[in-house]
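Student: Going letter by letter, the sequence shown gives residues 133 to 248 in our numbering.
Glycine included, each C-beta is placed from N, C-alpha and C at the ideal position.
What you are looking at is a predicted structure, and each value in this text was computed from that prediction instead of being measured.
Can you keep this structure in mind? I'll have questions shortly.
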Amino acid sequence: MAISKPPVRKAPPVALPTPDLDEKKVEEVINRGSSSLTAAPIAEAAALPIAAVPAAADVRLKNFNIKLPAATLAVIDELRAKRPRKPTSPKLGISTQDWLLEAIEEKIQREQKKYR
Numbered sequence: 133m134a135i136s137k138p139p140v141r142k143a144p145p146v147a148l149p150t151p152d153l154d155e156k157k158v159e160e161v162i163n164r165g166s167s168s169l170t171a172a173p174i175a176e177a178a179a180l181p182i183a184a185v186p187a188a189a190d191v192r193l194k195n196f197n198i199k200l201p202a203a204t205l206a207v208i209d210e211l212r213a214k215r216p217r218k219p220t221s222p223k224l225g226i227s228t229q230d231w232l233l234e235a236i237e238e239k240i241q242r243e244q245k246k247y248r
């Protein structure tokens, strides 16, 4: 049985020196965001319809689960199917989530008119 020497390991590559970065400047660039959007204050955003609220850094999204009866979901799907869609698209014109957001927006507007 022949015994050979272990393979010779190559020297690790020389690491290039990293430039000194000012963390505050990096954070400013990251948090600056897009200059094309203007952030609306939360009070103004509450008065606007959901579709008209700009995507600002102050607006936080919250996730939650919702349980709907199958019959209610079937009615929603029927209403979604009646929406216009792109001519060659097999997809429905609006997603279930967007449909529910529109319904919530309409309800909020009715309640605000009722209690003002």
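Alpha carbon to alpha carbon, what distance is there between E243 and T204?
Tutor: So the alpha carbons of these two residues sit roughly 22 Å apart.
Student: Excluding five sequence neighbours on each side, which residues of the same chain lie with their C-beta closer than 7 Å to the C-beta of L224?
Tutor: Closer than 7 Å at Cβ, skipping near neighbours: R212, A213, R215, R217.
Student: Start and end of the alpha helix (DSSP H) containing T204?
Tutor: Unbroken alpha helix (DSSP H) run through T204: 202-214.
Student: For my contact list, W231 and I198 are in at a C-beta cut-off of 8 Å; report their separation, rounded to the angstrom.
Tutor: Actually they are not in contact, since the Cβ atoms of W231 and I198 sit about 13 Å apart, beyond 8 Å.
Student: Alpha carbon to alpha carbon, what distance is there between D190 and P173?
Tutor: At P173, the pLDDT of 49 sits below 50, so the modelled position is not reliable and the matter cannot be decided from this model.
Student: Please classify R242: does DSSP put it in a helix, a strand, or coil?
Tutor: The answer is helix: DSSP assigns R242 an H, G or I state.
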